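Asker:
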Amino acid sequence: MIERILLPTDGSEAAESAVERAYELADKFDAELHTMYVIEIEALPTFANLDTEPVREAHKRRGDELLTEIEENAPAGVNVTKAIEEGHPESHIVDYAEEHDIDVITMGTHGREGLGRVLIGSVTERVMRESPCSVLVTPVEET
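Each residue of the sequence shown is one higher than the one before, counting from 1 in UniProt numbering.
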């Protein structure tokens with residue numbers, strides 16, 4: 001039985017493909033939906049004597065906006081928890097899943113045009129290898 005779902009997002013098209021699936025699972029199983037946005041510190045610009053705090057705060061605001069949008073659009077009755085972390089996404093996702101007894105992680109993958117082959121993103125691939133629970137990977141929906 002699925003009681004707790006983790007939906008990590010970075011706002012990309014690939015991540016957004018997992019949102020509807022997470023909604024469906026949460027609604028069907030009356031499960032809690034945990035959403036997560038991870039600010040990759042290594043991805044922030046680092047220049048000598050440059051204050052990165054404004055950039056960090058902008059990323060936090062962006063994460064809060066994304067998670068709030070997911071919460072507001074969740075099916076009625078679905079309990080949504082939001083978490084914003086800083087560091088390596090795969091580490092925080094796996095750690096969060098362990099700490100909160102998550103039953104399934106729902107993530108998007110990256111699609112490749114042309115042959116329609118699926119290329120799993122590096123974060124998704126690492127989470128799949130390290131996860132303490134099942135990982136549901138959803139493809140990007142083509143328009």
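All C-beta atoms in this analysis are idealised placements derived from N, C-alpha and C, irrespective of residue type, glycine included. As the structure is a prediction and not an experimental result, all values here were calculated from the model.
Determine the contact status of Ala22 and Ile2, defining contact as a CB-CB distance below 8 angstroms.
Answerer: For the purposes of this step, residue 22 is identified with residue 22 of the sequence shown, where counting begins at 1. For the purposes of this step, residue 2 is identified with residue 2 of the sequence shown, where counting begins at 1. Taking 8 angstroms as the Cβ cut-off, Ala22 and Ile2 do not qualify as a contacting pair.
Asker: What's the call for Arg4, buried or exposed, on a 16-neighbour Cβ count within 10 Å?
Answerer: Residue numbering aside, residue 4 sits at position 4 when the sequence shown is read from its first letter. Buried.
Asker: Identify whether Pro89 lies in helix, strand or coil by the three-state DSSP scheme.
Answerer: What you label residue 89 is simply residue 89 of the sequence shown in a count that begins at 1. Note: Pro89 maps to helix in three-state DSSP.
Asker: Can you give me the C-alpha to C-alpha distance between Ile105 and Glu53, rounded to a whole angstrom?
Answerer: Here residue 105 refers to the residue found at position 105 of the sequence shown. Here residue 53 refers to the residue found at position 53 of the sequence shown. Roughly 30 angstroms between the two C-alpha positions.
Asker: So for residue 148, helix, strand or coil by DSSP?
Answerer: A query on residue 148 cannot be resolved here, the shown segment of the chain reaching from 1 to 143 and no further.
Asker: Excluding sequence positions up to five away, which residues of its chain have a Cβ less than 6 angstroms from the Cβ of Thr138?
Answerer: Taking the first residue of the sequence shown as position 1, residue 138 is located at position 138. Around Thr138: Ser17, Ala18, Arg21, Gly108.
Asker: So does the stretch 79–90 actually touch the stretch 26–40, counting three or more Cβ pairs closer than 8 angstroms?
Answerer: These segments touch.
Asker: Contact between the stretch 4–15 and the stretch 60–69 is defined here as three or more beta-carbon pairs at a separation below 8 angstroms; is this criterion met?
Answerer: Counting Cβ pairs under 8 angstroms, three or more are found: they touch.
Asker: Tell me whether the beta-carbon of Ser134 lies closer than 8 angstroms to the beta-carbon of Val94.
Answerer: Within the sequence shown, residue 134 is the residue found at index 134, counting from 1. Within the sequence shown, residue 94 is the residue found at index 94, counting from 1. Not closer than 8 angstroms, so no.
Asker: Could you name the residues of the same chain whose beta carbon sits closer than 6 angstroms to that of Thr68, not counting the 5 residues immediately before and after it, in chain order?
Answerer: Here residue 68 refers to the residue found at position 68 when the sequence shown is read from its first residue. Result list for Thr68: empty, nothing under 6 angstroms.
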